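Participant: Note that numbering that gives the first Met the number 0 gives residue 0 to position 1 of the sequence shown, counting from 1, and the numbers run on in steps of one. Backbone N, C-alpha and C fix where the C-beta goes; we use that ideal spot for every residue, glycine too. A quick note: this is a predicted structure, and the numbers were derived from the prediction, not measured.
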Amino acid sequence: MAETINNLHDRGVGDIAAQLPGASAVFHRFGIEFCCQGHVSLADAVRRRNADLTEVQKALDALDPKAAPEVPTGELIDHIQTRYHDVHRRQIAELIELSHKVESAHVNHPKVPAGLAQTITQFRAELEALMKKQEMTHFPALQTKTPEQLALSIRAMRHDHDQFAFFLDQIDQLTDGCTLPKDACASWQALYTDVARFKADLIEHIHLENNVLFPRFEITRQAFRD
0 MAETINNLHD
10 RGVGDIAAQL
20 PGASAVFHRF
30 GIEFCCQGHV
40 SLADAVRRRN
50 ADLTEVQKAL
60 DALDPKAAPE
70 VPTGELIDHI
80 QTRYHDVHRR
90 QIAELIELSH
100 KVESAHVNHP
110 KVPAGLAQTI
120 TQFRAELEAL
130 MKKQEMTHFP
140 ALQTKTPEQL
150 ALSIRAMRHD
160 HDQFAFFLDQ
170 IDQLTDGCTL
180 PKDACASWQA
190 LYTDVARFKA
200 DLIEHIHLEN
210 NVLFPRFEIT
220 RQAFRD
């Protein structure tokens, strides 16, 4: 890497994930939150997870900072909408149906994720509202307005993302981190596999917006980068 790992210690994990291809996969592996808490320094994020800083250092140091060129804003927005907005809509509909099935079939099981379907249903309304507003208003504005005109919109979207972090915590609590009981049926196994995939997609989605897309239009961040 052109930048030594020691110099990364004080940089935000969100910025590292945005600038260093492959860093997000490293953070996933070590359980380091980098989307909604992207401002937290690498050293502090590792400490919060009680992870091994030396191992994280080695994994990041092995990455190639030139592996992926910067994607133009229009292409990035299109990618977010097709890869995440469209996919989330399908994922959530399937998760709600499967959650109802598991909760009904195992209502007396001590490990049943009671309330999961309701939680996901409530979150779908919040996520859908934000995605529609982005598709109809926010994303077109990003390509036509100045950073000054975009400040309130970006702040509002970041706030919504912070609320989504609470949803992810709820999911972890209800599913015990997607930990299956030994007697889990096929539907239960499929549910937790799909929940884990949805969580990973949502985290990557938020990361791309918070740490890659939005900073392109935030004056203070642009000044810092320049």
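Give every residue of the same chain whose Cβ lies closer than 7 Å to the Cβ of A140, excluding the five residues on either side of it in the sequence, and list them in chain order.
Facilitator: Here the question's residue 140 lines up with position 141 in the sequence shown. Answer for A140: L149, S152, listed in chain order.
Participant: Verify whether the separation of the beta carbon atoms of E134 and H84 is less than 8 Å.
Facilitator: Reading the sequence shown from its first residue, position 135 is the one you call residue 134. Reading the sequence shown from its first residue, position 85 is the one you call residue 84. The answer is yes: Cβ separation under 8 Å.
Participant: Please determine if the segment 181-196 and the segment 152-168 are in contact, where contact requires at least 3 C-beta pairs separated by less than 8 Å.
Facilitator: no
Participant: Does the count of Cβ pairs from the segment 50-62 and the segment 180-191 closer than 8 Å reach three?
Facilitator: Counting Cβ pairs under 8 Å, fewer than three are found: no touch.
Participant: Between A183, I31, R89, which lies nearest to A104 when the distance is taken from Cα to Cα?
Facilitator: In the sequence shown, the residue the question calls residue 104 occupies position 105. The candidate whose alpha carbon is nearest that of A104 is A183.
Participant: Which term fits P71, buried or exposed, when burial requires 16 or more other beta carbons within 10 angstroms of its beta carbon?
Facilitator: One-based indexing of the sequence shown puts residue 71 at position 72. Exposed.
Participant: Would you kindly work out how many angstroms separate the C-alpha atoms of E54 and N107, rounded to a whole number?
Facilitator: Locating residue 54 in the sequence shown gives position 55, where the first residue counts as 1. Locating residue 107 in the sequence shown gives position 108, where the first residue counts as 1. Straight-line Cα distance between these residues: approximately 42 Å.
Participant: Express the C-alpha separation of I119 and D171 in angstroms, rounding to a whole number.
Facilitator: Counting from one through the sequence shown, the residue named residue 171 turns up at place 172. Counting from one through the sequence shown, the residue named residue 119 turns up at place 120. Each residue's Cα considered, the two are about 12 Å apart.
Participant: Rounded to whole angstroms, what is the Cα-Cα separation between A124 and E96?
Facilitator: As a working note, residue 124 is residue 125 in the sequence shown. As a working note, residue 96 is residue 97 in the sequence shown. C-alpha separation (whole angstroms): 16 Å.
Participant: Quick one: which unbroken alpha helix (DSSP H) runs of 4-plus residues sit fully inside the segment 22-98? Chain order, please.
Facilitator: Considered as a whole, the segment 22-98 harbours 22-29, 41-47, 52-60, 72-78 as its complete alpha helix (DSSP H) runs of no fewer than 4 residues, in chain order.
Participant: May I have the straight-line CA-CA distance separating L115 from K100, to the nearest angstrom?
Facilitator: Reading the sequence shown from its first residue, position 116 is the one you call residue 115. Reading the sequence shown from its first residue, position 101 is the one you call residue 100. Those two C-alpha atoms are separated by around 11 Å.
Participant: Which partner residues of G13 appear in the DSSP bridge assignment?
Facilitator: Your numbering for residue 13 matches position 14 in the sequence shown. BP columns for G13 are empty, so no partner.
Participant: Excluding five sequence neighbours on each side, which residues of the same chain lie with their C-beta closer than 6 Å to the C-beta of L52?
Facilitator: Residue 52 sits at position 53 when you count from the first residue of the sequence shown. Excluding positions up to five away in sequence, the list reads V45.
Participant: By a C-beta neighbour count over all protein chains shown, 10 Å radius and 16 as the cutoff for buried, is P180 buried or exposed?
Facilitator: What you label residue 180 is simply residue 181 of the sequence shown in a count that begins at 1. Answer is exposed; the Cβ neighbour count stays below 16.
Participant: How about N209 and R157: are their beta carbons less than 8 Å apart?
Facilitator: Here residue 209 is taken as the residue at index 210 of the sequence shown, counted from 1. Here residue 157 is taken as the residue at index 158 of the sequence shown, counted from 1. Cβ distance < 8 Å, so N209 and R157 count as in contact.
Participant: Please name the residue in E74, K144, Q117, T174 whose C-alpha comes closest to that of V111.
Facilitator: Here residue 111 is taken as the residue at index 112 of the sequence shown, counted from 1. Nearest of E74, K144, Q117, T174 to V111, Cα basis: T174.
Participant: Considering only residues of the segment 97-169, which uninterrupted beta strand (DSSP E) runs meet the minimum length of 3 residues and lie entirely inside it, listed in chain order?
Facilitator: Restricted to the segment 97-169, not a single beta strand (DSSP E) segment is unbroken, complete and at least 3 residues in length.
Participant: With DSSP collapsed to three states, give me the class of A183.
Facilitator: Looking up residue 183 in the sequence shown gives position 184. Correct three-state label for A183: coil.
Participant: Applying the criterion that 16 or more other CB atoms from any shown protein chain within 10 Å of the CB defines a buried residue, is N5 buried or exposed?
Facilitator: Sequence index remark: in the sequence shown, residue 5 carries index 6 (1-based). With a pLDDT of only 49 at N5, under 50, the local geometry of the prediction cannot be trusted, and the value read off the model is given with reservation. Looking at its Cβ environment, which holds fewer than 16 other Cβ atoms inside 10 Å, N5 is exposed.
Participant: Decide if D14 is buried, meaning its Cβ has at least 16 other Cβ atoms within 10 Å, or exposed.
Facilitator: Translated into positions along the sequence shown, residue 14 becomes position 15. Per the 10 Å Cβ criterion, buried.
Participant: For G11, does the count of other Cβ atoms within 10 angstroms reach 16, so buried, or fall short, so exposed?
Facilitator: Stepping through the sequence shown from its first residue, residue 11 is reached at position 12. Buried is the call here.
Participant: Assuming A16 and H137 form a contact by the criterion Cβ under 8 Å, report the distance between their Cβ atoms to the nearest whole angstrom.
Facilitator: Numbered from its first residue, the sequence shown carries residue 16 at position 17. Numbered from its first residue, the sequence shown carries residue 137 at position 138. So it is not a contact: roughly 22 Å between Cβ atoms.
Participant: How long is the line joining the alpha carbons of V25 and L19, rounded to whole angstroms?
Facilitator: Start at 1 with the first residue of the sequence shown, and residue 25 comes out as number 26. Start at 1 with the first residue of the sequence shown, and residue 19 comes out as number 20. About 11 Å.
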